[in-house]
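Below is one structure; the comments refer to it alone.
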Amino acid sequence: MPELPEVETVVRGLRPVLEGAVLVRAEARRPDLRIPIPPDFSARLTGRAVRSVRRRAKYILIELAGGDLAIFHLGMSGRLHIDRGDPELQPHDHIVLKTDRGDTVRLNDPRRFGLVALDRVETVDRHRLFAGTGPEPLGNAFNGPALAAKLKGRRTPLKAALLDQKTVAGLGNIYVCEALFLAGLSPKRLARTVSARQAEALAGAIKDVLNKAIAAGGSSLRDYVQPSGELGYFQHQWAVYGREGEACPGCDCDAGETGGIRRIVQSNRSTFYCPHRQR
DNA sequence: CTTTCGTCCTGACTGC
DNA sequence: TGCAGTCAGGACGAAA
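The first sequence runs 8 to 286 under the numbering used here.
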């Protein structure tokens, strides 16, 4: 479930449960995620108080008293669940945290593309997971000129450039498609052909779509997104993603005349766009 | 250096 | 019903 809005939603759900609580149990049940869970995971978390829960790019950072930092990435299929008491453990529950307040947090990831890492709060900015990671799209440092500088000279399709976390952090397949639609830019055009004015519009579109998605609690595909079990509902506001063959909501072309929203494959992933509106 | 492509893994869904 | 094929919100490393 994890692009920036979904990870932000998870972080906001975890905060009231974890911040200030003491972890009375921290169990790694299956270590072989994309990067193996560190063998000392349990020892370094058990008995520690949680200072803060925050997000960087698509990563969840859990800071503990003493300065240790647990880093979670949800991959394609990772989810966090919060339950009161002792829930029955499910298949693919790889991490289980219990707090002194009686809450249980489970990291469930069937495909195991996610990861768990440990670091120190003072060195995390230099952690190799974040090396080269681009600016936070909702931060002040991200704007038209900053995006234009990142796209300059790049001969890769604009879609691929935006999926690259070095260009800007946190976008994934859905929100790249949506932002390109809002900006009226073709996913196929080469990144270096984007003008300063278009970069300005694109940066604004990225901020818009992410803010609206966060406000909606993210997008839920076939399962819930929020740790509480509540559904995000931004999927109902998708303009193009998953809407192949439907009428374009942004221009007067419709499914009958032009085929409406089209699906193509770029970088082995689906791209949805309106060829009429997006140039 | 940049860019593309295959790969990791399980589960849900489609169509025969 | 069963089974094969396809697709999925990500990101890495090898290859070109």
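Every residue, glycine too, gets a C-beta built ideally from N, C-alpha and C.
Beta-carbon gap between residue i and residue j smaller than 8 angstroms
| i | j | result |
| --- | --- | --- |
| Glu-143 | Phe-137 | no |
| Arg-269 | Ser-193 | no |
| Gly-121 | Leu-96 | no |
| Glu-129 | Gly-73 | no |
| Lys-65 | Leu-104 | no |
| Leu-169 | Ala-210 | no |
| Ile-44 | Val-123 | yes |
| Leu-87 | Leu-76 | no |
| Asp-39 | Arg-119 | yes |
| Thr-16 | Ile-221 | yes |
| His-101 | Leu-114 | yes |
| Val-60 | Val-112 | no |
| Arg-284 | Gly-267 | no |
| Val-14 | Arg-62 | yes |
| Ala-246 | Glu-185 | yes |
| Lys-173 | Gly-141 | yes |
| Arg-51 | Leu-125 | yes |
| Gly-151 | Ala-203 | yes |
| Ser-49 | Glu-70 | no |
Beta-carbon separation (whole angstroms), residue i vs residue j, contact threshold 8 angstroms
| i | j | result |
| --- | --- | --- |
| Ile-89 | Asp-116 | So it is not a contact: roughly 16 angstroms between Cβ atoms. |
| Glu-237 | Gly-249 | The pair is not a contact, with the Cβ atoms about 21 angstroms apart (cut-off 8 angstroms). |
| Arg-196 | Arg-162 | In fact, because the Cβ distance is near 11 angstroms, the residues do not count as touching under 8 angstroms. |
| Leu-165 | Leu-187 | 7 angstroms |
| Gln-205 | Ser-226 | So it is not a contact: roughly 26 angstroms between Cβ atoms. |
| Gly-20 | Gln-273 | Not confirmed; about 32 angstroms, so no contact. |
| Lys-157 | Val-183 | 14 angstroms between Cβ atoms; not a contact. |
| Gly-92 | Pro-9 | Their Cβ separation, rounded to whole angstroms, is 27 angstroms, which puts Gly-92 and Pro-9 out of contact at 8 angstroms. |
Bounding residues of the beta strand (DSSP E) (the contiguous stretch that carries residue i)
| i | result |
| --- | --- |
| Glu-34 | 30–35 |
| Val-183 | No beta strand (DSSP E) contains Val-183, which is instead part of the alpha helix (DSSP H) from 180–190. |
| Val-60 | 57–63 |
| Gln-273 | 269–273 |
| Arg-19 | Careful: Arg-19 lies outside any beta strand (DSSP E), inside the alpha helix (DSSP H) at 11–25. |
| Arg-91 | 86–91 |
| Ala-77 | 75–80 |
| Tyr-66 | 66–71 |
| Tyr-248 | First-last for Tyr-248: undefined, no H or E at that position. |
| Arg-276 | 276–280 |
Residue i Cβ short of 7 angstroms to the ligand SAM heavy atom set
| i | result |
| --- | --- |
| Leu-187 | Among the ligands in the structure shown, none appear at all, so the ligand SAM cannot be discussed. |
Bounding residues of the alpha helix (DSSP H) (the contiguous stretch that carries residue i)
| i | result |
| --- | --- |
| Arg-51 | 48–52 |
| Asp-289 | Not covered by the structure: residue 289. The range shown for the chain is 8 to 286. |
Exercise. Please determine if the segment 49–67 and the segment 15–33 are in contact, where contact requires at least 3 C-beta pairs separated by less than 8 angstroms.
Key: yes
Quiz item: What are the uninterrupted segments assigned as alpha helix (DSSP H) that are 4 or more residues long and contained completely in the segment 104–173, given in chain order?
Solution: 151–158, 165–170
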